[in-house]
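There are 2 protein chains.
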Amino acid sequence: MVKIADVARHAQVSPSTVSYVLSGKRSISEATRLRVAESIRELGYRPHAGARALASNRSNVLALVAPLRHGIHVPVVMQFAVSVVITARRFDHDVLLLTQEEGEEGLRRVADSALADALVVMDVELHDARIPLLRSLERPSVLIGLPADTTGLTCIDLDFTAAGATCVDHLVGLGHASVALIGSPPEVYARETGFARRTEEGFTAAASRHGIAATVHPCEPTATAARELVDRLLREQPDLTAVVVHNEPIVEAVVDAFQRAGRGVPADVSVVAICPDNLAERATVPLTSVAIPAEEVGERAVELLMSKLDGHDVPDLTLLVPRLTSRASTAGTAP
Amino acid sequence: MVKIADVARHAQVSPSTVSYVLSGKRSISEATRLRVAESIRELGYRPHAGARALASNRSNVLALVAPLRHGIHVPVVMQFAVSVVITARRFDHDVLLLTQEEGEEGLRRVADSALADALVVMDVELHDARIPLLRSLERPSVLIGLPADTTGLTCIDLDFTAAGATCVDHLVGLGHASVALIGSPPEVYARETGFARRTEEGFTAAASRHGIAATVHPCEPTATAARELVDRLLREQPDLTAVVVHNEPIVEAVVDAFQRAGRGVPADVSVVAICPDNLAERATVPLTSVAIPAEEVGERAVELLMSKLDGHDVPDLTLLVPRLTSRASTAGTAP
DNA sequence: CTGAAAGCGCTAACAC
DNA sequence: GTGTTAGCGCTTTCAG
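In order, the protein sequence lines correspond to chains V and C.
Quick note on this note's numbering: the first sequence kicks off at 1 and runs consecutively.
Quick note on this note's numbering: the second sequence kicks off at 336 and runs consecutively.
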């Protein structure tokens with residue numbers, strides 16, 4: 001293994017100079033910098049991560065807690081994770097992957113052992129058990145998702161309340177007067193995951209603001225459940241002309257169910273999805289949708305964390321403004 | 336921060352004794368062990384990961400390279416990843432997540448900097464560019480997937496060749512005499528990802544062994560592509576009575592397409608999927624399937640790696656035997 | 001602009 | 001069965 005002393009000898013400087021060339025923490029003459037850089041390259045030197053962490057009190061590692069539970073859409077989680085990893089690399093950090101299962105103990109472990117400098121926590125519930133811990137931890141953290149009280153935390157998410165409202169606004173603008181929300185599975189509401197609740201609230205509030213009929217229907221993420229729900233809606237609400245789907249795995253199934261029931265999309269029923277753009281684009285009927293900007297959320301989360309690590313203050317709450325893209329699944333009502 | 340000297344003082348022993356209590360690398364009297372354990376608990380001591388890595392030359396971290404490319408099914412990747420993390424924890428290791436994008440540089444970085452003790456690499460291609468590097472690296476690695484030449488490597492995967500054959504055997508056993516394979520997207524074959532090729536080979540070989548008609552059809556992972564392909568198959572092969580689907584995102588869409596074309600599943604057409612069990616179980620028509628045992632593969636991969644880290648020899652190649660579960664999508668042909 | 005040297009917290013000989 | 005101590009490789013004062 002080649003170490004800093006080897007590089008120093010090779011470049012005819014002291015080890016500290018090599019260190020400073022690497023960190024840029026003090027000015028180095030162009031000549032030495034080049035000589036050292038060349039020696040590093042030539043010898044293939046890589047600083048020992050452990051030694052560096054010990055001496056500098058910085059591991060250059062972030063911990064990411066990823067959920068994998070019923071009702072959360074795995075591809076979206078993966079989009080977050082990849083975005084976090086890529087952004088972390090931009091800041092010269094690596095990412096340690098923790099499972100939800102590890103719970104508070106896992107967070108405490110990586111924080112207290114100095115394995116990670118900072119934490120990113122996904123899938124936060126309204127009254128998440130990990131929050132007191134995160135507040136007390138000496139290391140900075142960012143939550144993806146919104147708990148009931150964000151005081152003293154750093155949280156980021158899509159503004160799902162606005163997203164729910166945006167969908168309704170779009171449909172009302174097209175002339176629809178009766179809408180239904182096909183939401184996340186019941187468990188997701190039961191465990192008080194913020195995003196499901198917030199979408200529902202935004203949806204309901206917007207509908208009542210516009211004075212139109214609106215109902216909310218949690219749905220299991222299977223094609224069968226989607227079909228049964230659609231059939232029931234058609235039976236119970238014969239004047240229904242639009243639905244909002246906030247349940248990634250079944251967005252296509254919902255459209256399909258309407259078609260099987262003899263309702264054209266968007267001819268008879270308009271469908272707006274809240275889901276990642278790539279999912280909406282690829283659907284058989286390209287879907288009008290409010291994007292879940294997983295990439296941007298992951299990126300911003302890491303940026304916030306880096307800012308905190310640098311000692312800067314950051315807002316408790318960052319909500320991304322929803323963006324609706326009109327595609328082929330929505331249309332105006334016949335007069 | 337509480338350090339080992341604090342614990343030592345509190346328990347009235349030397350630092351090394353605390354260290355040995357933790358590692359179990361030499362025998363300690365029951366009395367001291369308990370006293371030390373209690374001090375650790377009481378003070379909330381956690382060894383500093385960096386210091387430990389520096390002194391012991393072991394970081395207790397594995398690196399996992401996860402793919403996220405077109406044609407690979409994200410939920411399966413996540414299943415692997417979670418299984419790797421959980422198993423690693425069993426061995427007191429953490430997992431660093433690298434993206435495919437980082438490529439060889441990423442592997443070299445975590446290996447040379449001693450950030451990771453060992454590597455798990457997923458989505459290996461037949462002639463993967465990373466293989467020479469892995470062979471030359473001083474750290475052990477395990478590949479999930481099969482390159483053309485496994486000499487000097489440690490590879491693990493489902494035996495996809497056998498999986499393809501098992502599907503055909505099952506269908507032939509039910510009396511089918513004409514089968515089609517609906518495979519992965521064309522790109523996957525193009526970049527010579529082992530699993531797609533191997534399934535195809537096993538499928539084709541088994542069909543010819545049984546003397547039945549067999550065709551192979553790569554397919555884009557969209558419902559539309561699935562429907563078009565099914566319609567074409569029905570048109571071009573009117574006597575087709577069975578298909579094997581090796582393309583997770585469209586397993587349901589294929590069944591659906593047959594039904595729309597007026598063919599019952601399994602009444603008129605039998606369908607066997609190669610996909611994770613949970614996907615097959617939840618389909619509207621529960622699918623007869625050969626499982627992709629992501630959990631087991633991830634677990635075994637880590638076990639192999641730990642064995643290598645302990646200096647044991649392990650086989651170059653571990654192929655898991657496919658397991659077919661009969662569900663509602665296959666039936667015998669009418670006489 | 002550069003060097004010397006004192007740790008960072010832990011492990012693992014080496015002693016007894 | 002336990003203690004002493006010399007590093008592990010790097011960063012960062014402190015000096016010049």
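The beta carbon of each residue, even a glycine, is placed where N, CA and C say it ideally should be.
Thinking C-alpha only, which one of the options is nearest residue i?
{"i": "Leu-614/C", "options": "Gly-633/C, Arg-658/C, Asp-591/C, Pro-584/C", "result": "Pro-584/C"}
{"i": "Leu-644/C", "options": "Phe-426/C, Arg-368/C, Ala-340/C", "result": "Phe-426/C"}
{"i": "Asp-123/V", "options": "Leu-158/V, Arg-46/V, Ala-165/V", "result": "Leu-158/V"}
{"i": "Gly-173/V", "options": "Leu-115/V, Ser-326/V, Ala-11/V, Gln-12/V", "result": "Ser-326/V"}
{"i": "Leu-22/V", "options": "Ala-31/V, Val-13/V, Val-36/V, Arg-9/V", "result": "Val-36/V"}
{"i": "Ser-448/C", "options": "Thr-422/C, Ser-394/C, Leu-468/C, Val-419/C", "result": "Ser-394/C"}
{"i": "Arg-465/C", "options": "Glu-630/C, His-383/C, Glu-436/C", "result": "Glu-436/C"}
{"i": "Arg-235/V", "options": "Val-245/V, Arg-263/V, Val-272/V, His-246/V", "result": "Arg-263/V"}
{"i": "Gly-145/V", "options": "Leu-133/V, His-127/V, Pro-132/V", "result": "His-127/V"}
{"i": "Lys-3/V", "options": "Ala-328/V, Val-272/V, Gly-50/V, Gly-106/V", "result": "Gly-50/V"}
{"i": "Arg-443/C", "options": "Thr-434/C, His-428/C, Glu-460/C, Leu-468/C", "result": "Leu-468/C"}
{"i": "Leu-181/V", "options": "Thr-166/V, His-312/V, Gly-103/V", "result": "Thr-166/V"}
{"i": "Asp-603/C", "options": "Ala-561/C, Arg-470/C, Pro-482/C, Gly-667/C", "result": "Gly-667/C"}
{"i": "Arg-135/V", "options": "Ala-261/V, Gly-164/V, Leu-153/V", "result": "Leu-153/V"}
{"i": "Tyr-338/V", "options": "Leu-43/V, Ala-190/V, Pro-47/V, Met-1/V", "result": "Coverage of chain V is limited to positions 1 through 335, which leaves residue 338/V absent and any answer about it impossible."}
{"i": "Met-306/V", "options": "Cys-219/V, Ala-118/V, Thr-99/V, Gly-103/V", "result": "Ala-118/V"}
{"i": "Ala-663/C", "options": "Glu-377/C, Leu-622/C, Leu-654/C", "result": "Leu-622/C"}
{"i": "Cys-554/C", "options": "Glu-638/C, Ile-407/C, Arg-344/C", "result": "Ile-407/C"}
{"i": "His-552/C", "options": "Gly-546/C, Ala-561/C, His-545/C", "result": "Ala-561/C"}
{"i": "Asp-277/V", "options": "Gln-79/V, Gly-164/V, Tyr-45/V, Met-1/V", "result": "Gln-79/V"}
{"i": "Pro-185/V", "options": "Ala-177/V, Val-245/V, Pro-147/V", "result": "Val-245/V"}
With the cut-off set at 8 Å, would you say residue i and residue j are in Cβ contact?
{"i": "Val-321/V", "j": "Ala-162/V", "result": "yes"}
{"i": "Leu-432/C", "j": "Val-120/V", "result": "no"}
{"i": "Ile-609/C", "j": "Val-625/C", "result": "yes"}
{"i": "Ala-11/V", "j": "Ser-56/V", "result": "no"}
{"i": "Thr-150/V", "j": "Asp-316/V", "result": "yes"}
{"i": "Leu-143/V", "j": "Cys-155/V", "result": "yes"}
{"i": "Val-179/V", "j": "Val-77/V", "result": "no"}
{"i": "Val-188/V", "j": "Val-409/C", "result": "no"}
{"i": "Thr-340/V", "j": "Val-272/V", "result": "Nothing about residue 340/V can be reported from this structure: the residues present for chain V run from 1 to 335 only."}
Taking 8 Å as the CB-CB cut-off, is residue i touching chain C?
{"i": "Gly-50/V", "result": "yes"}
{"i": "Pro-132/V", "result": "no"}
{"i": "Asp-92/V", "result": "no"}
{"i": "Thr-99/V", "result": "yes"}
{"i": "Leu-96/V", "result": "yes"}
{"i": "Thr-284/V", "result": "yes"}
{"i": "Thr-224/V", "result": "yes"}
{"i": "Ser-59/V", "result": "yes"}
Would you please verify whether the beta carbon of residue i is less than 8 Å from any beta carbon of chain V?
{"i": "Ile-305/C", "result": "The question about residue 305/C has no answer here: the residues shown for chain C are numbered 336 through 670."}
{"i": "Glu-587/C", "result": "yes"}
{"i": "Ile-421/C", "result": "yes"}
{"i": "Leu-403/C", "result": "yes"}
{"i": "Arg-662/C", "result": "no"}
{"i": "Ser-448/C", "result": "yes"}
{"i": "Pro-382/C", "result": "yes"}
{"i": "Glu-444/C", "result": "Note that residue 444/C is Arg in the sequence shown here, rather than Glu. So, interface residue."}
Below 8 Å on the Cβ atoms is my guess for residue i versus residue j; work out the distance and round it to an integer in Å.
{"i": "Ala-618/C", "j": "Val-586/C", "result": "6 Å"}
{"i": "Gly-518/C", "j": "Ala-531/C", "result": "6 Å"}
{"i": "Asn-582/C", "j": "Pro-556/C", "result": "6 Å"}
{"i": "Leu-399/C", "j": "Ala-416/C", "result": "6 Å"}
{"i": "Asp-169/V", "j": "Ala-206/V", "result": "6 Å"}
{"i": "Thr-576/C", "j": "Ser-605/C", "result": "7 Å"}
{"i": "Thr-32/V", "j": "Val-13/V", "result": "6 Å"}
{"i": "Arg-526/C", "j": "Glu-440/C", "result": "About 20 Å separates the two Cβ atoms, so there is no contact after all."}
{"i": "Leu-43/V", "j": "Val-18/V", "result": "Incorrect: roughly 11 Å between the Cβ atoms, too far for contact."}
{"i": "Glu-630/C", "j": "Ser-418/C", "result": "4 Å"}
ask   = Would you call the region 22-39 of chain V and the region 57-68 of chain V in contact, with 3 or more CB pairs under 8 Å?
value = Fewer than three beta-carbon pairs drawn from the region 22-39 of chain V and the region 57-68 of chain V are found closer than 8 Å, and the two stretches are therefore not classed as touching.
ask   = Counting pairs of beta carbons, one from the region 187-207 of chain V and one from the region 226-235 of chain V, are three or more of them closer than 8 Å?
value = Contact between the region 187-207 of chain V and the region 226-235 of chain V is absent, with fewer than three C-beta pairs closer than 8 Å.
request  = Specify whether the region 291-308 of chain V and the region 252-264 of chain V touch according to this definition: at least 3 beta carbon pairs, one from each stretch, less than 8 Å apart.
outcome  = No contact exists between the region 291-308 of chain V and the region 252-264 of chain V.
inquiry  = Taking 8 Å as the cut-off, does the region 472-485 of chain C touch the region 435-453 of chain C (at least 3 CB pairs, one atom from each stretch)?
reply    = Cβ pair count under 8 Å is three or more, so yes.
query = Is the region 297-308 of chain V close to the region 80-87 of chain V, with three or more CB pairs under 8 Å?
reply = When Cβ pairs closer than 8 Å are counted between the two stretches, the region 297-308 of chain V is seen to touch the region 80-87 of chain V, the count reaching three or more.
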